[in-house]
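Protein chains in written order, with our numbering: chain E, 1 to 675; chain X, 1001 to 1300.
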C-alpha cells in the first residue's frame, strides 16, 4: 500500500510551478498584470472587437500585479503538490489487486491487474520489434514498429482470456465432475468454418465437412494419453474439444456427444468445469494472468472466492509437490522456460482436477526440462490418479510414460496398438519434400573464406554471453550451430547480423559494423527466432512488395527476382500456384509457411550470409522438411547459410558443418576453416 | 455489440453521460443557479464527475465480466497507457486516441468507453498522476472511445464484421480519421471548459465571472481555449490521430477483428474473411492449428 517514489512528487512540483507561471502569463496577455508596485513593462492596452469587445490584450505589467497573480495561483498549485505527495507514497495498483478477485468492480480491477502485468511483456515486445526493424534493413516506419507489437498484444489477450476461462473466471453455473469417467466421446466430430467461405462448409452430398470425425474415445482415470499428429492435423482441436475452448472460445463446431466428468461439453463452457478440468496451454508465458508465481498458482481458487488463507496453503502445497517452492515470490516474467512450464502445471492443479489437458508442453524446453516435465505428468497420472491427456508432436520423450497413443491421420483418430510407433504412417503434404535435399551440396568444396569472425564477444549486463568466438565461413557452407539453451547461439547470430564493435565481423573483406543498413543486409541477413516480428502488412503480397521496395531504395539489389516469386520458390511452388497464399493475411499462414515468408523477405537484398535462428522450433516433421528444403534453396541466393538449432536430426540432414557452442564459447576448439 | 444490453444499461449510460457533461460545463451553468449557491457549483461538479465514473463503471462491470473482454481491456489499456506516457515527452503527440478510436470501432461503444476510463487509470497509476483532474480525463477519453463505437456502418456490414470491399475499407478509415479530428478538438474543448476558471483565476479579461451574462463567459472561454490549446495541442493531437489511423488503422483494425470479441459470428465477404484468428504455432494453440495448413488433406 505505502511506499515512496520521488517521480510523482517531482512531476507535481514541475506542474505546480508551471501552473503559477501560466497564470502569470494569462494575466500579462489579458490585461490583468497591472497593480501597485514597480512598473516593469509598459505595454499598450489593445481592446478587441466584435463578440470579444469586453476583452483587452496586454496592458502595463507591474511587480505587484505579477505577485498578485502568483499568489492567486498558490491554492491550486498547493493542491497539485498535495496530490503529488499522495501519489508518491500511495501504491494504488495494490488497491486494485485486492479488488480483482471479487466485488462489484471486479471487471475493472482485474483488467487493471492484467494491464499492470502486461507492461514487462510490452516492453520486451517493443525491444524485439525494434531489432526486427533493423534486421529488415532499417524499417523505421511507424507501422513496422506498431503493428507487430499490437498483434502480439492481441495474441496475449486471447491467450490470457483462454487461460482465465479454463480456470473458472466469470463462472456462473459451476458443475461438479464425476471422477469415474473423465472423458467419453461418442460419434463426435469437430469442424471449423472455413474463413474463406461465406457459408459453413458442406460436402458435395450436403453433409457437413468435418475436420475430425467418428471420434469414439474414452479415457480412464490414472492414465496418460498422448495425441500425436502433424501441425494442423487437429491435435489442439481434439484436446480443446475436451477443455471446451474449441466449442465455446474458438467457435468450432461439434457434432455427436462429448462428456467430461459427466458434463455435456457442448452445453457447458470451460469456466463452469474449471473445478475438475485443468488446462496447460501451449505458450505458457502468454497465459500468465498474475504478476507473481504465488498469485498465478492460486488464481483458479481466488476467482472462485476461496478464502485467502486456504489459497495460500494450497499454493504452498502444490509448489512443494512440484519442487518450485523457491519461486513463489518471483514475478512470472522472470521465469525460465522450464520453470514457467512447471508454474503453469501448478496453476492447472490448483483446483485438484480429475482431467488434466496439456498442449505441446515440450516445444520450448531443453533436454533436462523435458525429462522433468514428462516425469511430473507421468506421476500425476500414475500416482495421483489424474487422467492426463497430452497433445504433442515430440513423441520420443513420451514412450516410457504414455499408457495410450492416439494418432490423427486425415479425419480419423487412430488408437495405436502396443509397440506401434506414431509417425510411421506416411504423412500427408510437404513431408515429401525431404528427399529434395540436393546431395551435391554436402560435398561442395569450400572456397575462399566468405566471412570471418574475429574475437567476437557479447556482454549482456555483467554476463559474457558470447566469449571470444573466432571462425570462418566459406562460400557454399551450410552450418548448423548447436548447443543447449543459453549457450549463446542466438546472441552470436544477433551479433553477426548487427555487430556492435568494429573489427569483429567481416564479410567479403568488409567490416559489417561499418556498413550502412542497406549494404549490411546485402552482407548478412538474420531471420530471428521470433520471425513474426518482421511482419506487419495485411497481406502476404504487400509484405513482399515492401521488401522489394526496401531493396530498390538502397540499390543493393543483386537479385532481380521479386520477393513473392522467391517465397513461392522456397515453398517449392511457382508463382501462379502460390497466388492463394499471397492474398492471405501473413498471420493466417501456417508456421512453416510464415517462416519461409520471412526467409524470402530477408533474402531480398541477396545477402552473402543468411542466418536463421531456431528454424524448427515448434514445427512438426512435415513443416520441418518444408523449412529444411527452403533453407537449401535459400543457399542458392545467399552464398552461405548458418542456422542455430537444438534439433540434432535436422542439423545432420542439412548441414555441411556443425559448430557446437557451450557457455558462450565455440566448444571443440578453433574451427577456422575446418569443414 | 457486446451482449444485447438492457434498456436500463443504455439509459444509465446516456443519463450518466449527460450529467457528466453538465459537470464539465459547470462554468456555463453556474449563472443559472441562485447566487447563494454559486460558490458550491464547482465543488458539486468535482464530486459529481468522479461519482459518475464509478457509477458507469459499475453499470458496465457485470456486462463486461467475461474472460475475453477483461483480457482485451487489460492488455489494450496497457498499450494505451504506454502510448500515452511515451507521448508526454513529445509535447502533445497524444497517439492514445488512435487506439481508443480503433478499439471503440471494432468492439463497440461500451468497450470503447471502458477502455478510455482504464487507459487513463493505468497511465495515472504508472506515472503517479492521480488528482482531481483524473475523473475528467477518464470521461473525456471514454467518450472518445464510445463515440467511435457509435459511428455509422460502412457498406452492408456492421462495425464488428468490418467492411467488405477495398473501397469500403478505405471509406471506413476515412470516416475514423474524420472522427479523430472532431474528437481531438472536442476533447481539448471539454477539458478546457471545466478547468478554465482555475487556470486563469480572476482579474484578467478572459476570467470566468459567475455573475456575468452567459455571452460574456462564452466569449472569454472561446478566447481562452483558442489560445490555450485549440491552435496548438489540439491541432497536434488531431494531426497525430489522423496520421496514426491512416498508417496503422487497417492492420490494427484487422488484428482487433480477428480476435472477435463478440460471440456472434460475422459473415463477411472480404477476400480474407472477416475475422478469424489463426496464429498456428504461437497462439494459445487451440484455434490456431486446425484452420491452416493441410486443410485439404484433412478433408480427404
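The beta carbon of each residue, even a glycine, is placed where N, CA and C say it ideally should be.
Bear in mind the structure is a predicted one, so any value in this text is a computation, not a measurement.
Practice task
With a threshold of 16 other CB atoms inside 10 Å of the CB of residue 127(E), please say whether the residue is buried or exposed.
Solution key: Exposed, because fewer than 16 other Cβ atoms sit within 10 Å of the Cβ of residue 127(E).
Practice task
Closer than 9 Å, Cβ to Cβ, to anything on chain E: give me those residues from the stretch 1191-1217 of chain X, in chain order.
Solution key: Cβ contacts with chain E come from 1198, 1199, 1200, 1201, 1202, 1203, 1204, 1205, 1206, 1207, 1212, 1215, 1216.
Handout entry: Within chain E, the residues that residue 1312(X) reaches when beta carbons sit closer than 9 Å
Key = This structure does not reach residue 1312(X), given that chain X is present from 1001 up to 1300, and the question cannot be answered.
Practice task
Could you name the residues of the stretch 1233-1266 of chain X whose beta carbon sits closer than 7 Å to any beta carbon of chain E, in the order they occur along the chain?
Solution key: The stretch 1233-1266 of chain X vs chain E, Cβ under 7 Å: 1247, 1248, 1250, 1251, 1252, 1254, 1255, 1256, 1259, 1265.
Practice task
Mind listing the chain X neighbours of residue 150(E)? Cutoff is C-beta to C-beta under 8 Å, in chain order.
Solution key: Result: 1079, 1248, 1251, 1252, 1255.
Exercise for the section: Report yes if the CB atom of residue 471(E) is closer than 8 Å to the CB atom of residue 293(E), and no otherwise. Expected result: No, the Cβ-Cβ distance between residue 471(E) and residue 293(E) is not below 8 Å.
Exercise for the section: Below 6 Å CB to CB, which residues in the same chain sit around residue 506(E) once its five sequence neighbours on both sides are set aside? Expected result: Hits under 6 Å: 452.
Exercise for the section: With residue 486(E) as the anchor, note down where its beta strand (DSSP E) starts and where it stops. Expected result: Segment: none, residue 486(E) is in no beta strand (DSSP E) and carries neither H nor E.
Practice task
Would you mind telling me which residues of chain X sit closer than 7 Å to residue 83(E), beta carbon to beta carbon, in chain order?
Solution key: Scanning chain X for C-beta atoms nearer than 7 Å to the C-beta of residue 83(E) yields 1130, 1131, reported in chain order.
Exercise for the section: Just grab the DSSP bridge partners of residue 456(E) for me. Expected result: Answer by DSSP bridge pairing, in chain order: 469(E).
Practice task
In angstroms with no decimal places, state the Cα-to-Cα distance between residue 1099(X) and residue 1144(X).
Solution key: Rounded to whole angstroms, the gap between the alpha carbons of residue 1099(X) and residue 1144(X) is 10 Å.
Practice task
Please check if any C-beta of chain X sits within less than 8 Å of the C-beta of residue 656(E).
Solution key: Chain X, which has no Cβ nearer than 8 Å to the Cβ of residue 656(E), makes this no.
Exercise for the section: Could you tell me whether the Cβ atoms of residue 565(E) and residue 599(E) are closer together than 8 Å? Expected result: Residue 599(E) sits away from residue 565(E), with the two beta carbons spaced by 8 Å or more.
Practice task
Pull up the DSSP beta-bridge partners for residue 244(E), would you.
Solution key: According to DSSP, which records beta bridges pairwise, residue 244(E) is partnered with nothing at all.
Practice task
Decide if the stretch 183-190 of chain E is in contact with the stretch 255-275 of chain E; the criterion is three or more beta carbon pairs, one per stretch, under 8 Å apart.
Solution key: The stretch 183-190 of chain E, when compared against the stretch 255-275 of chain E, does touch it at the 8 Å Cβ threshold.
Exercise for the section: Determine the direct distance from the alpha carbon of residue 345(E) to that of residue 332(E), and round the result to whole angstroms. Expected result: CA-CA distance, residue 332(E) to residue 345(E), rounds to 13 Å.
Handout entry: For residue 254(E), the three-state DSSP class (helix, strand or coil)
Key = Residue 254(E): strand per DSSP, three-state reduction.
Handout entry: Test: residue 296(E) CB closer than 8 Å to a CB of chain X
Key = Not closer than 8 Å to any Cβ of chain X, the Cβ of residue 296(E) fails to qualify, so no.
Practice task
Pull out every residue of the stretch 476-492 of chain E whose Cβ sits closer than 8 Å to any Cβ of chain X, in chain order.
Solution key: Cβ contacts with chain X come from no residue of the stretch 476-492 of chain E.
Exercise for the section: Look at the Cβ atom of residue 548(E), then the Cβ atom of residue 538(E), and state whether they are nearer than 8 Å. Expected result: The answer is no: Cβ separation not under 8 Å.
Problem - Spatial neighbours of residue 501(E) in its chain, beta-carbon cut-off 7 Å, leaving aside the 5 residues before and after - result: Shown here for residue 501(E): same chain residues with a beta carbon closer than 7 Å to its own, the five before and five after excluded, namely 513 in chain order.
Handout entry: C-beta neighbour in chain E for residue 1223(X), strict 8 Å
Key = Residue contact check for residue 1223(X) against chain E: a CB pair falls below 8 Å.
Handout entry: Touch test, the stretch 525-541 of chain E against the stretch 602-611 of chain E, Cβ-Cβ under 8 Å, three pairs minimum
Key = They touch, by the three-pair rule.
Exercise for the section: Using a threshold of 8 Å, state whether the C-beta atoms of residue 646(E) and residue 366(E) are closer than that. Expected result: Cβ distance < 8 Å, so residue 646(E) and residue 366(E) count as in contact.
Exercise for the section: Give the straight-line distance between the Cα atoms of residue 1235(X) and residue 1241(X), rounded to the nearest whole angstrom. Expected result: Using only the alpha carbons, I get a separation of about 10 Å.
Handout entry: One or two residues paired with residue 359(E) in a DSSP bridge
Key = Answer by DSSP bridge pairing, in chain order: 391(E).
Problem - Helix, strand or coil at residue 614(E) [DSSP, three-state] - result: Correct three-state label for residue 614(E): coil.
Practice task
Look at residue 450(E) and residue 508(E) and say whether their C-beta atoms are less than 8 Å apart.
Solution key: Annotated as proximal: residue 450(E) and residue 508(E), with beta-carbon spacing under 8 Å.
Problem - Any chain E beta carbon closer than 8 Å to residue 1127(X) - result: With 8 Å as the cut-off, residue 1127(X) counts as an interface residue toward chain E.
Practice task
Under the assumption that residue 1048(X) contacts residue 1023(X) (Cβ atoms under 8 Å), give the Cβ distance between them as a whole number of angstroms.
Solution key: Contact flag correct, Cβ pair sits at about 4 Å.
Problem - Residue-level contact to chain E via CB, residue 1044(X), 8 Å cutoff - result: Answer no: the Cβ-Cβ gap between residue 1044(X) and chain E never drops below 8 Å.
Handout entry: Residue environment, residue 525(E), which counts as buried when at least 16 other CB atoms sit within 10 Å
Key = Looking at its Cβ environment, which holds 16 or more other Cβ atoms inside 10 Å, residue 525(E) is buried.
Exercise for the section: Tell whether a beta-carbon distance below 8 Å holds between residue 165(E) and residue 83(E). Expected result: No, Cβ-Cβ distance for residue 165(E) and residue 83(E) is not below 8 Å.
Handout entry: C-alpha gap between residue 1260(X) and residue 1166(X), whole angstroms
Key = The C-alpha of residue 1166(X) is placed about 20 Å away from the C-alpha of residue 1260(X).
Practice task
Quick one: give me the first and last residue of the alpha helix (DSSP H) that residue 312(E) is part of.
Solution key: Run containing residue 312(E): 308-322, per the alpha helix (DSSP H) assignment.
Practice task
Pair every Cβ in the stretch 63-83 of chain E with every Cβ in the stretch 1033-1043 of chain X, then say whether three or more of these pairs are closer than 8 Å.
Solution key: When Cβ pairs closer than 8 Å are counted between the two stretches, the stretch 63-83 of chain E is seen not to touch the stretch 1033-1043 of chain X, the count staying below three.
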